Amino acid sequence: MLQFKFDDIVRIASRLGLVNSHGKVWEGIDGRGEYLRTVIHIHAGGRNVPKAIVASQVEALGFLSVEDMYDFLNNKKRNR
4 MLQFKFDDIV RIASRLGLVN SHGKVWEGID GRGEYLRTVI HIHAGGRNVP KAIVASQVEA
64 LGFLSVEDMY DFLNNKKRNR
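Here this note's numbering is used: the first residue of the sequence shown is 4, the next is one more, and so on.
This is the structure we're talking about:
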């Protein structure tokens, strides 16, 4: 099972071009021109993200699957 920490979700959002606009809300236009908006609890930092929240982040950030998002996190040269 792939495990994400809240810090990982913040790094993914930053790589996609999202910015922290209102506390927990991250939004922006990604490289494909798609508007993305998600909520990330940045105060949780190094804590593991529950499966249900990972699934909602996959959908909100426009990834095909959890594995796709994990590959994006670990492959710094990869574009979404």
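Note that CB positions come from ideal geometry on N, CA and C, so glycine has one too.
Quantities reported herein were computed from a predicted structural model and do not represent experimental measurements.
Beta-carbon proximity list for residue i, same chain, < 7 Å, skipping 5 on both sides
i	result
V61	S68, V69 and M72
Span of the beta strand (DSSP E), counted from its first residue to its last, around residue i
i	result
E30	V28 to I32
V42	Y38 to V42
Enclosing alpha helix (DSSP H) for residue i [first to last residue]
i	result
G19	The sequence given here places Leu at residue 19; Gly does not occur at that position. From DSSP, L19 is part of no alpha helix (DSSP H); its letter is neither H nor E.
I56	K54 to A63
N77	V69 to N77
Own chain partners of residue i with C-beta closer than 6 Å, once the 5 adjacent residues on each side are dropped
i	result
A63	T41
W29	A16, L21, N23, T41 and I43
Straight-line gap, residue i to residue j (C-alpha atoms, nearest Å)
i	j	result
P53	R83	23 Å
N77	F7	11 Å
N51	K27	17 Å
H46	D11	13 Å
G48	R14	11 Å
Own chain residues within Cβ distance below 8 Å of residue i, not counting five before or after
i	result
Y38	E30, G31 and I32
A58	V69
Strand pairing of residue i, partner residues [DSSP]
i	result
K8	N51
Residue environment, residue i, which counts as buried when at least 16 other CB atoms sit within 10 Å
i	result
L19	buried
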